[in-house]
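Participant:
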Amino acid sequence: MLQAQGDFSLNAGQHSVTYLPSSDTAATGRYQVLLYDNNFGATERYPKFDWGQLGSAVVTDYNKGTHSFGRIFTVDETARTYELVDQIAVPFSGYVSSAQRVGNSNSMLVASGMAKTFIEYDRYGLPIATYEMEAEKHIYRVYKYEL
Numbered sequence: 144m145l146q147a148q149g150d151f152s153l154n155a156g157q158h159s160v161t162y163l164p165s166s167d168t169a170a171t172g173r174y175q176v177l178l179y180d181n182n183f184g185a186t187e188r189y190p191k192f193d194w195g196q197l198g199s200a201v202v203t204d205y206n207k208g209t210h211s212f213g214r215i216f217t218v219d220e221t222a223r224t225y226e227l228v229d230q231i232a233v234p235f236s237g238y239v240s241s242a243q244r245v246g247n248s249n250s251m252l253v254a255s256g257m258a259k260t261f262i263e264y265d266r267y268g269l270p271i272a273t274y275e276m277e278a279e280k281h282i283y284r285v286y287k288y289e290l
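Here my numbering = 1-based position in the sequence shown + 143.
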């Protein structure tokens with residue numbers, strides 16, 4: 144089990160987890176993980192689960208959700224720890240969604256599925272481009288590829 148380092152709410156409903164190794168991962172045991180944190184706690188199998196243990200920011204009433212997150216963690220397998228190194232607050236989506244680091248840049252492409260939006264953010268968390276879909280259903284995933 145890994146131990147959290149720092150003060151942050153844990154994930155609730157994460158999607159689209161991506162392993163981001165560095166050139167020294169094999170030697171140090173350190174790497175990063177990028178994910179979409181829905182910030183929404185719900186489970187039919189465990190109705191008595193205490194979502195509050197993950198942090199006060201976790202939303203359990205879908206109608207009260209204001210934001211989800213694109214998050215990057217550094218994991219240290221040797222020390223058995225992980226820490227939050229970056230996060231971007233994005234439009235709330237209690238289900239589905241995705242986050243992607245774009246190419247070799249520090250920009251992040253985030254699809255907030257139920258909000259029917261996808262936004263590319265620069266390294267400072269500022270929107271580069273925003274797209275909205277007019278659709279009956281939600282966006283499952285969005286990826287950007289270089290041609």
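Beta carbons: idealized from backbone N, C-alpha and C, even for Gly.
#1: When you compare each of Leu-177, Glu-279 and Lys-207 to Asn-154 by their alpha carbons, which one comes out closest?
#2: So, is Thr-260 buried or exposed, given that buried needs 16 or more other C-beta atoms within 10 angstroms?
#3: Which class does Ala-147 belong to by DSSP, given the choice of helix, strand or coil?
#4: So is Met-144 buried or exposed if we call it buried at 16+ other beta carbons inside 10 Å?
#5: Enumerate in chain order the residues of its own chain whose CB-to-CB distance from Ile-262 is below 6 Å, with the five nearest sequence positions on each side excluded.
#6: Using three-state DSSP, classify Gly-237 as helix, strand or coil.
#7: If you follow the beta strand (DSSP E) that Thr-221 is part of, which residue opens it and which one closes it?
#8: Can you name the residues that DSSP bridges to Phe-213?
#9: Report all residues from its chain with a CB closer than 8 Å to the CB of Tyr-149; omit the five preceding and five following residues, and keep chain order.
#10: Look at the alpha carbon of Thr-209 and the alpha carbon of Ser-240, and state the distance between them as a whole number of angstroms.
#11: Under DSSP, the beta strand (DSSP E) around Ala-272 begins and ends at which residues?
#12: Between Lys-280, Asp-229 and Pro-234, which lies nearest to Arg-266 when the distance is taken from Cα to Cα?
#13: Using 7 Å as the cut-off, classify the Cβ of Phe-151 as near or not near the heavy atoms of the ligand ADP, replying yes or no.
#14: Quick one: give me the first and last residue of the alpha helix (DSSP H) that Ala-170 is part of.
Facilitator: With the given structure in hand:
#1: Of Leu-177, Glu-279 and Lys-207, the residue nearest in Cα terms is Leu-177.
#2: Taking all protein chains shown into account, Thr-260 has 16 or more neighbouring C-beta atoms within 10 Å of its C-beta and is therefore buried.
#3: Correct three-state label for Ala-147: strand.
#4: The C-beta of Met-144 has fewer than 16 other C-beta atoms within 10 Å across all chains shown, which makes the residue exposed.
#5: If we look at Ile-262 and ignore the five residues flanking it on each side, its Cβ neighbours are Val-253, Pro-270 and Thr-273.
#6: Here DSSP, grouped into helix, strand and coil, assigns Gly-237 to coil.
#7: First-last for Thr-221: undefined, no H or E at that position.
#8: Per the sequence shown, the amino acid found at residue 213 is Gly instead of Phe. Bridge partners of Gly-213: Tyr-179 and Ile-231.
#9: Going by the sequence as given, residue 149 is Gly instead of Tyr. For Gly-149, where only same-chain residues beyond five positions count, the Cβ hits under 8 Å are Glu-226 and Leu-227.
#10: Going by the C-alpha atoms only, they are around 15 Å apart.
#11: Secondary structure note for Ala-272: its beta strand (DSSP E) is the uninterrupted segment 270-275.
#12: For Arg-266, the closest C-alpha among the options Lys-280, Asp-229 and Pro-234 is that of Asp-229.
#13: As for the ligand ADP, it is missing from this structure, which has no ligand bound.
#14: Per DSSP, Ala-170 belongs to the alpha helix (DSSP H) from 168-171.
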